[in-house]
Amino acid sequence: METKNYSSDSGFILLGLSSNPQLQKPLFAIFLIMYLVTVVGNVLIILAIHSDPRLHTPMYFFLSNLSFMDICFTTVTVPKMLVNLLSETKAISFVGCLVQMYFFMACGNTDSYLLASMAIDRLVAICHPFHYNRVMNPRRCLLMLLGSCTISHLHSLLRVLLMSHLSFCASHVIKHFFCDTQPVLKLSCSDTSSSQIVVMTETLAVIATPFLCILFSYLRIIITVLRIPSAAGKWKAFSTCSSHLTVVALTYGSVIYVYFRPLSMYSVVKDRVATVMYTVVTPMLNPFIYSLRNKDMKRGLRKLRDRIHS
């Protein structure tokens, strides 16, 4: 009996966050608002940084690129999810699924490396302030950005090439709101053991590298700050890192939960919630986290507002 390969014939069906018809429109309204807030908030951060010369520093250079990447990251998944919430078919082609998977991983990994770059920036600013301008010069910052993008896209390309060689001959319903690696692997009738080993090993290397870089940077920062004699000096040093640490905790907490477990422990409902956290909620909160507790960003946003109103 010939096995039908759904991947090449009819693509996949994205089940979404809920199959309850009564929840489709409320979910559409909620995620549309969240997506618009994400885009508007991050665009304002980018405009504020580029319009204020005092914000033309390495930290805000990385922040503006992080905001741009957050817009791309949510745009990869949320618009398709919104369309599917109002559609009866909820279909996505096999090629479309691979393209979405590629850009999702590329943007997500670039986010991680940008967070690591920001941690290095804080490390140099606090631990080596007299060498800051020489170490974090524009050329080096640009190389760090290009390196982040290059590594992330190569990682995504490898993952997508592995996925493209799998056969899907059982169910073609993805129990998720986008084409993520784990739910797609669950549908394959191929032997995915080797793919899982490569994916886990390669993911560990790509995701753990920036995470360990962040941990090392903050360990050095904590040691340096504890040597500062005054409490006010310690608080001032730590306050420059609080926003970045909050974003790191939100991002890596959910990413580690979703991706660093065996496929056999995959849980549809729990993983959906965790994935929504880092794909939708965190990019939406980033502009608020970086602006509400940052005097320089507040000043830049006020300057942007005055320029718009004038």
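The opening residue of the sequence shown carries number 3 in this note's numbering; numbering runs sequentially from there. Virtual Cβ for every residue (Gly too), placed ideally from N, Cα, C. As the structure is a computational prediction, the values presented were derived from the model and not from experiment.
Under 9 Å between C-beta atoms of residue i and residue j
i: G18; j: L34; result: no
i: H174; j: I15; result: yes
i: R124; j: M61; result: yes
i: K27; j: L88; result: yes
i: F179; j: R304; result: no
i: S154; j: V227; result: no
i: H157; j: N86; result: no
i: I122; j: C243; result: no
i: F106; j: V78; result: yes
i: L147; j: F63; result: yes
i: Y280; j: S245; result: no
With 16 other Cβ atoms within 10 Å as the buried cut-off, status of residue i
i: V126; result: buried
i: Y308; result: For clarity, residue 308 is Asp in the given sequence; the question names Tyr instead. When all chains shown are included, D308 counts as exposed.
i: A239; result: buried
i: F132; result: exposed
Beta-bridge partners of residue i, as assigned by DSSP
i: F14; result: I94
i: I176; result: L16
Residues near residue i in its chain [Cβ-Cβ closer than 8 Å; skip 5 each side]
i: L100; result: V162, M165, S166, C181
i: D113; result: L68, M71, D72, F75, T253
i: P285; result: T40, N44, D72, I73, F75, T76
i: L159; result: Y104
i: F290; result: G43
i: L57; result: A50, I51, D298, M299, G302
Own chain, CB closer than 7 Å to residue i, minus 5 neighbours either side, in chain order
i: L49; result: L306
i: V80; result: F33, Y37, V282
i: R400; result: Limits of the chain in this structure are 3 at one end and 312 at the other, which puts residue 400 out of reach.
Residues near residue i by beta carbon distance below 6 Å, same chain, minus five either side
i: S94; result: Residue identity check: residue 94 is Ile in the sequence provided, not Ser. Here the set comprises G13, F14, L16.
i: P212; result: S114, Y115, A118
i: C143; result: P60, F63
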